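What follows is a short report on a single structure.
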Amino acid sequence: MTATALDQAAAANAERSIEAEIATVEAAATELLEHETPTPSATGPQRTVEIDVPEASYTVAETERFVFEAVPAADATRVRYSVGNRAEKQRTLDFLLRHPETDQFDLSSYRGTEQFRLTLKSDGRGDPYVEITRLGAPEV
């Protein structure tokens with residue numbers, strides 16, 4: 371009984387941590403989209419964010435999946451995550467977040483704190499989106 375309670379508490383801690391990291395990305399991207407203008411011929415406005423993917427411990431469950439997926443048809447981003455053998459959860463963000471090389475930005479294998487740059491850009495139709503890239507290391 372105690373082990374089950376500890377596992378549930380560890381999973382809840384991991385989920386709260388991931389939700390906080392999603393909120394960090396969402397706040398920075400929303401600020402860019404609401405207060406800045408993309409510059410097509412130059413580097414656009416930027417924000418730097420730190421994402422801390424929790425490491426497994428007695429009090430925090432293992433992060434099994436943590437993926438940002440662009441949904442271009444909806445101008446949105448789907449975030450999928452799962453921790454501690456729990457069912458996958460999804461959250462939809464009301465903006466398009468893209469990686470320069472792929473529409474799926476996978477942080478599942480990361481642990482600890484990483485820095486990312488969010489850059490406001492516009493597509494071929496002039497519609498704004500936010501591009502995410504990892505700072506100081508090979509790309510995801």
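Here the working numbering is used: position 135 in the sequence shown is 505, and no number is missing along the way.
Here a beta-carbon is modelled for each residue, glycine too, at the ideal position from N, C-alpha and C.
Only a predicted model underlies this, so the values are computations on that prediction, with no experimental measurement involved.
Taking 8 Å as the cut-off, decide whether the C-beta atoms of residue i and residue j are in contact.
i: residue 450; j: residue 439; result: yes
i: residue 486; j: residue 463; result: no
i: residue 433; j: residue 478; result: yes
i: residue 431; j: residue 375; result: no
i: residue 490; j: residue 408; result: yes
i: residue 392; j: residue 481; result: no
May I ask which residues mark the beginning and end of the beta strand (DSSP E) holding residue i?
i: residue 492; result: 482-492
i: residue 501; result: 498-504
i: residue 430; result: That residue, residue 430, is in no beta strand (DSSP E); it is neither H nor E in DSSP.
i: residue 476; result: 474-476
i: residue 422; result: 416-423
i: residue 479; result: Here residue 479 belongs to no beta strand (DSSP E), and DSSP marks it neither H nor E.
i: residue 446; result: 446-453
i: residue 463; result: 459-463
If contacts are defined as beta-carbon pairs under 8 Å, then residue i and residue j qualify, I think. What distance do you get, rounded to the angstrom?
i: residue 419; j: residue 390; result: Between residue 390 and residue 419 the Cβ distance is about 12 Å, and since that is not below 8 Å, they are no contact.
i: residue 436; j: residue 502; result: The Cβ separation is near 13 Å, so there is no contact.
Is the number of C-beta pairs between the region 406-426 and the region 457-471 that are closer than 8 Å three or more? no
Is there contact here, the region 422-436 with the region 395-409, by at least three beta-carbon pairs under 8 Å? no
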